[in-house]
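Reviewing the structure listed below.
There are 2 protein chains.
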Amino acid sequence: MANDPLSLTFAALADPTRREILARLAEGEATVNALAEPFDMSLQAISKHLKVLERAGLITRGRDAQWRPCRLEAAPLEEVDQWVDRYRDRWEERFGRLDRELHRIQNSTEGEKNHE
Amino acid sequence: MANDPLSLTFAALADPTRREILARLAEGEATVNALAEPFDMSLQAISKHLKVLERAGLITRGRDAQWRPCRLEAAPLEEVDQWVDRYRDRWEERFGRLDRELHRIQNSTEGEKNHE
DNA sequence: CGCATAATCAACCTAACGGTTGATCAACTG
DNA sequence: CAGTTGATCAACCGTTAGGTTGATTATGCG
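Chains as they are written, first to last, in my numbering: chain G, 5 to 120; chain B, 5 to 120.
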């Protein structure tokens, strides 16, 4: 597999188990055992999934005695969002030209508001 | 690899060659040979990449004599966008609570506008 | 028909993925 | 210290990904 950041992120997301783990982490930190609990899978397998997520920068791990709490890190998701954003107008075609223009204007005024 | 739609899409995107192909197709339809031209790779390899993209629904292929023109299909990218959208507030933390609330309100009014 | 072109099919190879089991390390607890 | 718990490491295994080369199919052209 390619090892550029975006490829690592997409590859990490291309697995339902890992996406479920991220969904769980969106609710707060969790230990490896807590994350493994819902799955019919060995703890070691979950540990490997976490390593994949960590390599992609999607999680970080702390240290609390013998527990290694995992925390969601959204930065790579923002990269994904920015990448996919370049194709946004492709699926907004159905709105037609006028409505697409409205979206564009709306986005640009949002830009002014946020970035000033 | 898992074969649910989202996993197929993420997996298809987890390769720089395939992402470049999509970028090329964003400019318009193209034949397999045209798509293969920039890459130092056999035509068969590109053909396989196209099959992966097709299985994910990211492209469709027509038929024009011996050419099989490829066309970008953005629907799966919209699915990706919707999935990642659930985490948007995670990387917008830096805007602070007030601004995040503004975003939430803004989104909900957009929803009213689009879905009615 | 005979041939060139566009693209796919088929077989093969290496490396990585996703899972297993068993052993090990690290930290708390009695 | 001995034992338990949390988690990782290591080796292994079957399958798939991503590339190659060689053969094959389909279309257009002289």
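For each residue, glycine too, the CB sits at the ideal point set by N, CA and C.
Inset, instruction - Look at the alpha carbon of L17/G and the alpha carbon of L10/B, and state the distance between them as a whole number of angstroms. - result: 9 Å
Legend entry - D8/B versus E82/B - alpha carbon distance: 15 Å
Legend entry - Contact residues within the stretch 39-64 of chain G, judged by C-beta distance below 7 Å to chain B: none
Inset, instruction - Using a Cβ-Cβ cut-off of 8 Å, state whether P20/B counts as contacting chain G. - result: Chain G contact via Cβ: present.
Inset, instruction - Please look up how many angstroms separate the CB atoms of S40/G and L76/G, rounded, as I've assumed it's under 8 Å. - result: Per the sequence shown, residue 40/G should be read as Ala rather than Ser. Not really, about 16 Å apart at Cβ, beyond 8 Å.
Legend entry - Nearest to A34/B (by Cα), restricted to the options D68/B, Q48/B, V56/B and K52/B: D68/B
Inset, instruction - Taking the CB atoms as reference points, tell me whether V84/B and T13/B lie closer together than 8 Å. - result: Yes. Within cutoff.
Legend entry - First and last residue of the uninterrupted beta strand (DSSP E) at L76/G: C74 to L76
Legend entry - chain B contacts made by the stretch 66-82 of chain G, where a contact means CB separation under 9 Å: L76, E77, A78, A79, L81 and E82
Legend entry - Simplified DSSP assignment, three categories, for A34/G: strand
Inset, instruction - Can you have a look at D19/B and say buried or exposed, based on whether 16 or more other CB atoms are within 10 angstroms of its CB? - result: buried
Inset, instruction - Check the DSSP bridge columns for I25/G and list the partner residues they point to. - result: DSSP, once it has assigned bridges, lists no residue as partnering I25/G.
Inset, instruction - Taking only runs that begin and end inside the stretch 44-71 of chain B, name each unbroken beta strand (DSSP E) of 3 or more residues, in chain order. - result: 63-65
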